[in-house]
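Here is the structure we will look at.
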Amino acid sequence: MMKKIETYFHPEHLLDLRKSDLTDEAIHEAVIKSLRLQDIDREIGFQTYATSAYKIPYPETDYTRNKMFYAETDKINPKTSEERPKYLARKNSGNRLYIPHKVRQMIRDLSIPLYITEGEKKALKATQEGFSCVAIAGLWNWPDGSKELIEDFNLIPLDGRTVYIIPDGNWLEPNTKGERKNLKQAIYELSYRLIDMGAKVCWVELPKNNMAVLIPKPMLIPLKTIENDRYRK
1 MMKKIETYFH PEHLLDLRKS DLTDEAIHEA VIKSLRLQDI DREIGFQTYA
51 TSAYKIPYPE TDYTRNKMFY AETDKINPKT SEERPKYLAR KNSGNRLYIP
101 HKVRQMIRDL SIPLYITEGE KKALKATQEG FSCVAIAGLW NWPDGSKELI
151 EDFNLIPLDG RTVYIIPDGN WLEPNTKGER KNLKQAIYEL SYRLIDMGAK
201 VCWVELPKNN MAVLIPKPML IPLKTIENDR YRK
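Here the sequence shown is numbered in the UniProt record's numbering, starting from 1 and rising by one per residue.
In structure tokens form, the structure reads like this:
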């Protein structure tokens with residue numbers, strides 16, 4: 001019998017996870033857990049100035065990403081005048097694809113569409129709702145060092161599969177997540193690589209300012225397609 005999930009978590013961490021509409025069962029299955037304060041910098045590999053953190057393990061790998069929490073007075077890095085990062089992985093650990101446990105079985109079936117979203121919690125929420133959904137950490141976190149797909153994509157049969165890319169609703173806004181213009185190029189480049197693997201690629205345009213995790217099932221429809229169109233502006 002599973003212990004009450006509250007026994008495993010810092011209260012702020014559990015509240016943060018539940019804001020994403022994740023059930024306790026989904027959180028437990030994802031093996032997410034709070035880190036002890038003395039373990040945070042050791043886990044990341046450098047001084048983070050975080051007051052707490054929880055780790056999100058990537059199934060069947062030794063890779064994790066960590067949600068960081070800071071004191072209200074220390075959320076801005078005084079050296080750069082920028083916000084400290086909300087998520088951190090271990091230094092020099094590279095990019096990985098987050099594939100929830102349940103999705104590892106689903107991706108073997110080419111007839112099941114694949115959804116790609118930003119962030120592990122969104123992928124877990126989509127999986128909880130019955131979608132075969134994986135996550136990249138950000139819209140530019142899909143390539144290896146040579147702008148090709150990271151090796152984790154080789155775990156997914158793509159030839160002939162329908163793939164929906166679901167960025168957050170603000171991806172076309174200027175100055176989003178440090179991008180001077182917008183994140184359109186990131187979506188196009190990812191789509192082209194998937195098309196090269198034989199996938200039928202669409203992206204889903206969400207209402208402005210809505211995050212993918214908040215969108216109900218009927219709204220997950222392809223509103224734009226870029227199949228065989230490499231010159232869309």
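By construction, the Cβ of each residue, glycine as well, lies at the ideal position given by its N, Cα and C atoms.
Using beta-carbon positions only, say whether residue 183 and residue 167 come within less than 8 Å of one another. yes
Indicate the three-state DSSP secondary structure (helix, strand or coil) for residue 85 in the structure shown. coil
Could you check where the alpha helix (DSSP H) with residue 14 kicks off and where it finishes? Element bounds for residue 14: 11-19.
Looking at residue 134: is its Cβ nearer than 8 Å to the Cβ of residue 188? Not a contact, by the Cβ cut-off of 8 Å.
Do residue 20 and residue 37 have their C-beta atoms within less than 8 Å of each other? no
contact_flag[the segment 52-72, the segment 108-116] where n(CB pairs < 8 Å) is 3 or more: When C-beta atoms of the segment 52-72 are compared with those of the segment 108-116, fewer than three pairs fall below 8 Å, so the two segments do not count as touching.
Please classify residue 61 as buried or exposed, where buried requires at least 16 neighbouring CB atoms within 10 angstroms. exposed
Residue 92: which of 79, 43, 132 sits nearest, CA to CA? 43
Run of the alpha helix (DSSP H) containing residue 103, from where it starts to where it stops: Looking at the DSSP string, the run of the alpha helix (DSSP H) that includes residue 103 is 101-106.
Run through the segment 91-160 for me and flag every whole alpha helix (DSSP H) of 4 or more residues, listed as ranges in chain order. 101-106, 120-128
Kindly indicate which residue of 113, 155, 185 has the alpha-carbon position closest to the one of residue 163. 113
According to DSSP, is residue 58 helix, strand or coil? In the three-state DSSP reduction, residue 58 falls in the coil class, being neither helix nor strand.
Own chain residues within Cβ distance below 7 Å of residue 190, not counting five before or after: 142, 165
If we ignore side chains and look at the alpha-carbon of each, how far apart do residue 211 and residue 138 end up? For residue 211, the predicted model reports a pLDDT of 48, less than 50, meaning its position is unreliable; a value from the coordinates is still stated below. The alpha-carbon atoms of residue 211 and residue 138 are separated by roughly 13 Å.
So the candidates are 203, 48, 89; which of them puts its Cα closest to the Cα of residue 65? 89
Range covered by the alpha helix (DSSP H) that runs through residue 192: Here the alpha helix (DSSP H) through residue 192 covers 184-196.
With 16 other CB atoms within 10 Å as the buried threshold, where does residue 158 fall? Per the 10 Å Cβ criterion, buried.
How long is the line joining the alpha carbons of residue 57 and residue 153, rounded to whole angstroms? 18 Å
Residue of 204, 101, 95 minimising C-alpha distance to residue 27: 101
Considering only C-alpha positions, which residue in the set 171, 40, 161 is nearest to residue 196? 161
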